[in-house]
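**Q** Next up is a structure, given as structure tokens.
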Amino acid sequence: MKPRVGVSACLLGRPVRYDGASRPHAWIRDVLRHRAELLPICPETEAGLGVPRPPVQLVRQGKGRVVMRGVEDHGLDVTARLGRWLEQQQDRLAGLDALIFKSRSPSCGLGSTPLYGPEGEELGEDYDGVFAAWVRSRFPGLLLYDDVMLEDVHQQEAFLALLRKKSGMK
Ligand code: SF4
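Have a look at this one:
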């Protein structure tokens, strides 16, 4: 049986970004798909935010709480909406061996998402996106990667070796 890998859907070329674009990753789309069963996941469209949609960012508000807020419309807060979607994902993700996230996204970034202050000022900290943070806490044994960690052939081979090991341990 092939290993099962969840992938941020925009990395597979799906036009799901806020502006209707995608960010296809050639190796994932053309090579990995022959080695693994890929499960496309887009938290923002699956949560019903639509395409196109207003861009959002991670903002630290009082007492350290981090919310997903509109970049231009500061009154837009989609944190609860994403939270409701997350609570429905436990069973869907339970059989995965790995997950590959799109870097820097407020939903999908894996320790790479810029954090902003209440006035929209950059705080100079990199954070997990809301989906990545949830996956980290719920699935500690999952192999977690992002597109930036799969840029060259050595990184790609190392990922495949880890994936084979992980799925062989099932
Ligand atoms: S980064 Fe994540 S939320 Fe954003 S378009 Fe890609 S899959 Fe969807």
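So in our numbering, spot 147 of the sequence shown is number 372, and the numbers just go up one at a time.
Just so you know, even glycine gets a beta-carbon here, dropped at the ideal spot from N, CA and C.
What you are looking at is a predicted structure, and each value in this text was computed from that prediction instead of being measured.
1) Just to check my reading of the structure: CYS333 and GLY354 have Cβ atoms closer than 8 Å, yes? What is that Cβ distance to the nearest angstrom?
2) Let me know if MET293 comes out buried or exposed under the rule of 16 or more other beta-carbons within 10 Å of its beta-carbon.
3) Considering only the beta carbon of each residue, do VAL241 and LEU263 sit closer than 8 Å?
4) Distance check for GLN315 and ALA305, CA to CA, integer angstroms please.
5) With H, G and I counted as helix, E and B as strand and the rest as coil, what does DSSP make of ALA383?
6) Just reading off the alpha helix (DSSP H) that TYR306 is part of, what are its end residues?
7) Any residues whose CB sits closer than 5 Å to a heavy atom of the ligand SF4? List them in chain order?
8) Given a cut-off of 8 Å, decide if VAL256 and ASP322 are closer than it, judged by their beta-carbon atoms.
**A** So, from the listed chains and residues:
1) 5 Å
2) buried
3) no
4) 17 Å
5) helix
6) As written in the sequence, residue 306 is Arg, which differs from the Tyr given in the question. Counting along the chain, the alpha helix (DSSP H) containing ARG306 begins and ends at 304-311.
7) Every residue passing the under-5 Å Cβ criterion appears here: SER233, ALA234, CYS235, VAL241, ARG242, CYS267, PRO268, GLU269, LYS327, SER330, SER332 and CYS333.
8) no
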